[in-house]
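Trainee:
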Amino acid sequence: MDDLSDLKLSRRDLLKTGAAAATAAAIPTVSAAQAPAAAANPAPSSARTVLKVNGQRRELDVDTRTTLLDALREHLKLTGTKKGCDQGQCGACTVIVNGRRINSCLSLAVMHDGDEITTIEGLGTPARLHPMQEAFVKHDGYQCGYCTPGQICSAVSVIEEIRAGIPSHVSADLNVKPLLSAEEIRERMSGNICRCGAYSNILDAITEVAGGKA
Amino acid sequence: MKAFTYERARSPAEAAAAAERHPGSRFIAGGTNLLDLMKLEIETPPHLIDVNGLKLDRIEPSDGGGLRIGALVRNTDLASDARVRRDYAVLSRALLAGASAQLRNKATTSGNLLQRTRCPYFYDTNLPCNKRQPGSGCSAIGGYTRNHAIVGTSEACIATHPSDMAVAMQLLDAGIETVRANGATRVIPIADFYRLPGTTPHIETNLQPGEFITGVVLPRPLGGFHTYRKVRDRSSYAFALVSVAAVVQKDGSGRLALGGVAHRPWRVAAADAALPRGARATVEVLLAGAKTTSENAYKIPLIERSVASVLADAKKG
């Protein structure tokens, strides 16, 4: 390992090199793919960004590459929002921006200058839970809890989206108001994955808050 | 992610001019596909032009009796628009069949048109891919091909276009409005917008370097029965194995477009003419010359059955 430290490879580069070497052994033509792309990328730069997070004005000076998720977690220390896949597939990073839920991992902080952002910390507090948080506790809508902040931000939005008349893939008629049904809620929550499989309890929690039968 | 310089464009022409000034730059709107590719260093733009501040977020009546959709209209807003739901239901349905609500809230009309293939070999930077690195070879050919294209393929690439929305746009004969750095505007019929892979699979559209999409124009409504049938490995939040967009009239005439089978949304005018003769006759024309592997040959009967099912639904109304 002493030899390796002299090479000044980052852990990421090391992993890449290892993977490339492993692949090269299997597929001789791989060397052509390894030729570096001629991209003249500049030195990293930062930008000033003002976010309104949970009602508070927050000024940031961040590397332009910083995602909204990393800005919230690493710069503002709002670690309620979770990083799962970091590629928009799991929904753990879901936050509400200007009234709409988005994947905060697939958005740059600098693209949100002036935006209003609500995270799980802004929905409720341990002393004063949001009704959706209370329902998740009551119905045991989690096991490990890692996906829960994203699930709750999504769930709050689902009810608002249905009430606003936004249709979904399972809406039978596009021209009538969608129902607050279990089928609609399941479809609309499909962007939030729960590895523990607490789905049926999550559905019960959302159904209760939506005013239906749990 | 590679470092980049960042600017916010103040007008569409300014965005196009900035793109011309910065070779290799990218426009960023929703960012849901581009940022994913940048994290993986499949896309490494040295400069990003943020176009979110441009007022291209309206849907308005067009001169021809159709609709003009601003490039930055979010997928959720397009799918929910009362006029789209009523007159272009196939477009609403296609949008709602794609991605998750979080992604649709962010993804834009023009970004959806320009999203890139989800071919796993395009995503695996350890392997050759002509789309990612021209001339390096295609790892999909001879690899795992269950999700790959069966028509319009080449020796260089068998990737599919991932968009559901674009299939509906192709069906509806949408026009893509653009502006260039010199201020010149044009409308590209969607039939001329996407390219087959040929020997240059890294060039996916006929947009000129720096050319910026300002909107999409839909011709006047077609009437008839609208549907978008998507077949996938799970019932929500998955890309299509195959999809069928259709508008069918009471007399049995109509039009069809397919997703999940080619490098672009797939539509064949002669197949539309065969529609009154049923699914088999139509699909024979649609998929003439198909080149399948043992892993993706299932797509042909799957499409035929999906088309038959769509035609049966249309008959019921």
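Protein chains in written order, with the working numbering: chain W, 12 to 225; chain Z, 1085 to 1401.
Each residue gets a CB set at the ideal place from its N, CA and C atoms; glycine is no exception.
One question on the structure: do S165 of chain W and R84 of chain W come within less than 7 Å of each other, judged by their Cβ atoms?
Mentor: Along the first sequence, one-based indexing puts residue 165 of chain W at 154. Along the first sequence, one-based indexing puts residue 84 of chain W at 73. Their beta carbons are not under 7 Å apart, which means S165 of chain W does not touch R84 of chain W by this criterion.
Trainee: Where do the ends of the beta strand (DSSP E) carrying I1153 of chain Z lie?
Mentor: Taking the first residue of the second sequence as position 1, residue 1153 of chain Z is located at position 69. Counting along the chain, the beta strand (DSSP E) containing I1153 of chain Z begins and ends at 1151-1154.
Trainee: Restricting to Cα atoms, I'd like to know which of Z:L1180, Z:M1249, Z:G1236, Z:T1283 is closest to P1218 of chain Z.
Mentor: The count along the second sequence starts at 1 and reaches residue 1218 of chain Z at position 134. Checking every option, the nearest Cα to that of P1218 of chain Z belongs to Z:T1283.
Trainee: Chain Z partners of H180 of chain W, CB-CB under 7 Å?
Mentor: Position 169 of the first sequence, counting from 1, holds the residue named residue 180 of chain W. Going along chain Z in sequence order, the residues near H180 of chain W (Cβ under 7 Å) are L1180, A1181, S1320.
Trainee: Taking the CB atoms as reference points, tell me whether A1330 of chain Z and L1340 of chain Z lie closer together than 7 Å.
Mentor: Position 246 of the second sequence, counting from 1, holds the residue named residue 1330 of chain Z. Position 256 of the second sequence, counting from 1, holds the residue named residue 1340 of chain Z. Cβ atoms of A1330 of chain Z and L1340 of chain Z: closer than 7 Å.
Trainee: Tell me the DSSP bridge mates of Q67 of chain W?
Mentor: For this step, residue 67 of chain W is matched to residue 56 along the first sequence. The partner list for Q67 of chain W (beta bridge, DSSP) reads W:V64.
Trainee: Mind checking K1400 of chain Z: buried by the 16 CB within 10 Å criterion, or exposed?
Mentor: Counting from one through the second sequence, the residue named residue 1400 of chain Z turns up at place 316. Exposed.
Trainee: Using CA atoms only, rank isn't needed, just tell me which of Z:T1201, Z:D1248, Z:R1169 is closest to A1178 of chain Z.
Mentor: Position 94 of the second sequence holds residue 1178 of chain Z. Among Z:T1201, Z:D1248, Z:R1169, the Cα nearest to that of A1178 of chain Z is on Z:D1248.
Trainee: Are A1250 of chain Z and I1242 of chain Z touching if we call contact CB-CB under 7 Å?
Mentor: Numbered from its first residue, the second sequence carries residue 1250 of chain Z at position 166. Numbered from its first residue, the second sequence carries residue 1242 of chain Z at position 158. No, the Cβ-Cβ distance between A1250 of chain Z and I1242 of chain Z is not below 7 Å.
Trainee: If you drop the 5 nearest sequence neighbours on each side, which residues of the same chain put their C-beta closer than 7 Å to that of A1258 of chain Z?
Mentor: Stepping through the second sequence from its first residue, residue 1258 of chain Z is reached at position 174. Cβ within range, chain order: I1274, V1300, V1301, L1302.
Trainee: Take K1375 of chain Z and list the residues in its own chain whose beta-carbon comes closer than 7 Å to its own, dropping the five residues that flank it on each side.
Mentor: The residue given as residue 1375 of chain Z occupies position 291 in the second sequence. Closer than 7 Å at Cβ, skipping near neighbours: I1234, T1237.
Trainee: Between R1092 of chain Z and the rest of its own chain, which residues show a CB-CB distance below 7 Å, the 5 nearest in sequence each way excluded?
Mentor: Numbered from 1 along the second sequence, position 8 holds the residue referred to as residue 1092 of chain Z. The answer, listed in chain order, is D1134, G1137.
Trainee: With a threshold of 7 Å between beta carbons, is R76 of chain W in contact with chain Z?
Mentor: Against the first sequence, residue 76 of chain W aligns to sequence position 65. Closer than 7 Å: yes.
Trainee: Identify whether G1195 of chain Z lies in helix, strand or coil by the three-state DSSP scheme.
Mentor: The count along the second sequence starts at 1 and reaches residue 1195 of chain Z at position 111. Three-state DSSP puts G1195 of chain Z in a helix.
Trainee: Can you tell me whether T136 of chain W is buried or exposed, with buried defined as 16 or more other CB within 10 angstroms of its CB?
Mentor: Here residue 136 of chain W refers to the residue found at position 125 when the first sequence is read from its first residue. Answer is exposed; the Cβ neighbour count stays below 16.
Trainee: So I177 of chain W and S1164 of chain Z are in contact, right, with Cβ under 8 Å, and what is the actual spacing, rounded?
Mentor: Residue 177 of chain W sits at position 166 when you count from the first residue of the first sequence. Residue 1164 of chain Z sits at position 80 when you count from the first residue of the second sequence. Yes, they are in contact, since the Cβ atoms of I177 of chain W and S1164 of chain Z sit about 5 Å apart, within 8 Å.
Trainee: How would you list, in chain order, the residues of chain W whose beta-carbon sits under 8 Å from the beta-carbon of M1085 of chain Z?
Mentor: Start at 1 with the first residue of the second sequence, and residue 1085 of chain Z comes out as number 1. The answer, in chain order, is R76.
Trainee: In terms of alpha-carbon separation, which member of Z:L1291, Z:G1195, Z:S1176, Z:L1124 lies closest to T1209 of chain Z?
Mentor: Looking up residue 1209 of chain Z in the second sequence gives position 125. For the residues Z:L1291, Z:G1195, Z:S1176, Z:L1124, the minimum Cα distance to T1209 of chain Z belongs to Z:L1124.
Trainee: Three or more beta-carbon pairs under 8 Å between the stretch 1302-1315 of chain Z and the stretch 1200-1208 of chain Z, yes or no?
Mentor: No: fewer than three Cβ pairs fall under 8 Å.
Trainee: Fully enclosed by the stretch 85-110 of chain W, which alpha helix (DSSP H) runs are 4 residues long or longer?
Mentor: None, since the stretch 85-110 of chain W contains no complete alpha helix (DSSP H) of that length.
Trainee: Which residues, taken in chain order from the stretch 151-163 of chain W, show a beta carbon closer than 7 Å to some beta carbon of chain Z?
Mentor: Cβ contacts with chain Z: none found.
Trainee: On the DSSP bridge list, what partners appear for K1314 of chain Z?
Mentor: Locating residue 1314 of chain Z in the second sequence gives position 230, counting from the first residue. DSSP lists Z:S1327 as partners of K1314 of chain Z.
Trainee: Using the C-alpha atoms, what's the distance from L1175 of chain Z back to A1181 of chain Z?
Mentor: Mapped onto the second sequence, residue 1181 of chain Z falls at position 97. Mapped onto the second sequence, residue 1175 of chain Z falls at position 91. In a straight line, the C-alpha of A1181 of chain Z is about 10 Å away from that of L1175 of chain Z.
Trainee: Return the CA-CA distance between A44 of chain W and L1211 of chain Z, expressed in angstroms with no decimal places.
Mentor: Against the first sequence, residue 44 of chain W aligns to sequence position 33. Against the second sequence, residue 1211 of chain Z aligns to sequence position 127. Here A44 of chain W scores only 40 on pLDDT, less than 50, and its place in the model is too uncertain to base an answer on.
Trainee: Would you call the stretch 151-158 of chain W and the stretch 85-105 of chain W touching, i.e. three or more CB-CB distances under 8 Å?
Mentor: With the cut-off at 8 Å, the stretch 151-158 of chain W and the stretch 85-105 of chain W touch.
Trainee: Go ahead and label E70 of chain W buried or exposed: buried means 16 or more other beta carbons lie within 10 angstroms of its beta carbon, across all protein chains shown.
Mentor: In the first sequence, the residue the question calls residue 70 of chain W occupies position 59. It is exposed - the Cβ of E70 of chain W has fewer than 16 other Cβ atoms within 10 Å.
Trainee: Report the residue from W:P55, W:K93, W:G95 whose alpha carbon sits nearest the alpha carbon of T77 of chain W.
Mentor: On the first sequence, position 66 is the one that residue 77 of chain W refers to. Here the closest residue by C-alpha is W:P55.
Trainee: Just to confirm, is the Cβ distance from P1107 of chain Z to K1215 of chain Z under 7 Å?
Mentor: Here the question's residue 1107 of chain Z lines up with position 23 in the second sequence. Here the question's residue 1215 of chain Z lines up with position 131 in the second sequence. Not a contact, by the Cβ cut-off of 7 Å.
Trainee: Against G1115 of chain Z, what residues of chain W qualify as contacts under a CB-to-CB distance less than 8 Å, listed in chain order?
Mentor: Here residue 1115 of chain Z refers to the residue found at position 31 when the second sequence is read from its first residue. Those within 8 Å of G1115 of chain Z in chain W are L117, S118, L119, M122.
Trainee: So, does the stretch 1099-1117 of chain Z touch the stretch 203-220 of chain W, judging by three or more C-beta pairs under 8 Å?
Mentor: Cβ pair count under 8 Å is below three, so no.
Trainee: Could you please give me the residues that DSSP links to E1091 of chain Z through a beta bridge?
Mentor: Numbered from 1 along the second sequence, position 7 holds the residue referred to as residue 1091 of chain Z. Partner(s): Z:I1133.
Trainee: Just the C-alpha distance for K188 of chain W and N114 of chain W, rounded to the nearest angstrom, thanks.
Mentor: In the first sequence, residue 188 of chain W corresponds to position 177, counting from 1. In the first sequence, residue 114 of chain W corresponds to position 103, counting from 1. Each residue's Cα considered, the two are about 26 Å apart.
Trainee: Which one of Z:S1095, Z:G1149, Z:N1290, Z:Y1090 has the shortest CA to CA distance from I1260 of chain Z?
Mentor: Sequence index remark: in the second sequence, residue 1260 of chain Z carries index 176 (1-based). If we check each option's Cα against that of I1260 of chain Z, Z:N1290 comes out closest.
Trainee: With 8 Å as the limit, tell me which residues of the stretch 95-113 of chain W have their beta carbon closer than that to any beta carbon of chain Z; keep them in chain order.
Mentor: Of all residues in the stretch 95-113 of chain W, D97, Q98, G99, G102, T105, R111, R112, I113 have a Cβ within less than 8 Å of some Cβ in chain Z.
Trainee: Are T60 of chain W and V108 of chain W closer than 7 Å when you measure CB to CB?
Mentor: On the first sequence, position 49 is the one that residue 60 of chain W refers to. On the first sequence, position 97 is the one that residue 108 of chain W refers to. No. Outside cutoff.
Trainee: How do the stretch 191-210 of chain W and the stretch 1316-1327 of chain Z stand: do at least 3 beta-carbon pairs fall below 8 Å, yes or no?
Mentor: Yes, the stretch 191-210 of chain W is in contact with the stretch 1316-1327 of chain Z.
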